[in-house]
Every structure is written in structure tokens, then in C-alpha cells.
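Undergrad: Numbering-wise, the sequence shown is residues 0 to 61 according to the numbering used here. Provided herewith is a single structure, encoded as C-alpha cells, for subsequent inquiry.
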Amino acid sequence: MVAIIKISASIYRIVNYNENKVKQGVAHCIAAINYPKEADELSISQKLNRLLNQVALNESKV
């Protein structure tokens with residue numbers, strides 16, 4: 000599953016939506032590149048914090 004993040008969209012809402020799809024078994028997390036752990040070992044908050052940190056590094060795009 001690929002999440003396209005629109006500037007006005009809530010990152011929390013996107014992560015939560017995708018995590019729910021994985022829990023329902025209709026989606027799979029295929030990669031977690033440059034994360035501190037493997038994809039299946041990450042909590043929702045760790046995924047969310049990583050994305051928020053990436054956004055903060057590129058504030059000119061927000």
C-alpha cells in the first residue's frame with residue numbers, strides 16, 4: 000500500500016488508516032527503510048514519529 004500524503008491531510012490519520020488495513024489483513028507493510036527496527040517490530044507511534052521528523056526536516060514543503 001502506498002500512502003500519498005497531501006499537505007492538508009493529517010499524518011496521524013493516514014498512519015492510523017493504513018495500520019487498520021494491515022490489522023484487517025487487507026494490506027501489508029512492505030518496507031520500513033531507515034526506521035530503527037524492522038517493519039513488523041515498529042509500533043504505530045514509532046512510525047508516526049519517524050514521519051513527523053521527516054516532515055519537520057522539510058518544512059518548506061508543508
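Ideal Cβ placement from N, Cα and C applies to all residues, glycine included. On a predicted model such as this, the values are computed, not experimentally measured, just so you know.
1. Could you check what DSSP says for residue 20 in three-state terms: helix, strand or coil?
2. Quick one: what does DSSP say residue 46 is sitting in, helix, strand or coil?
3. On the three-state DSSP scale, how would you describe residue 41?
4. Rounded to whole angstroms, what is the Cα-Cα separation between residue 23 and residue 36?
5. By Cβ distance, which residues of its chain are closer than 7 Å to residue 11, with the 5 residues on each side in sequence left out?
6. Grouping DSSP H, G and I as helix and E and B as strand, with all else coil, what is residue 11?
TA: Let me lay it out:
1. Here residue 20 refers to the residue found at position 21 of the sequence shown. The answer is helix: DSSP assigns residue 20 an H, G or I state.
2. The count along the sequence shown starts at 1 and reaches residue 46 at position 47. Residue state, collapsed to three classes: helix.
3. By 1-based counting over the sequence shown, the position of residue 41 is 42. Coil at residue 41, not helix or strand.
4. Taking the first residue of the sequence shown as position 1, residue 23 is located at position 24. Taking the first residue of the sequence shown as position 1, residue 36 is located at position 37. Computed Cα separation, rounded: 22 Å.
5. Locating residue 11 in the sequence shown gives position 12, counting from the first residue. So the qualifying residues of the chain are 47.
6. Within the sequence shown, residue 11 is the residue found at index 12, counting from 1. Correct three-state label for residue 11: helix.
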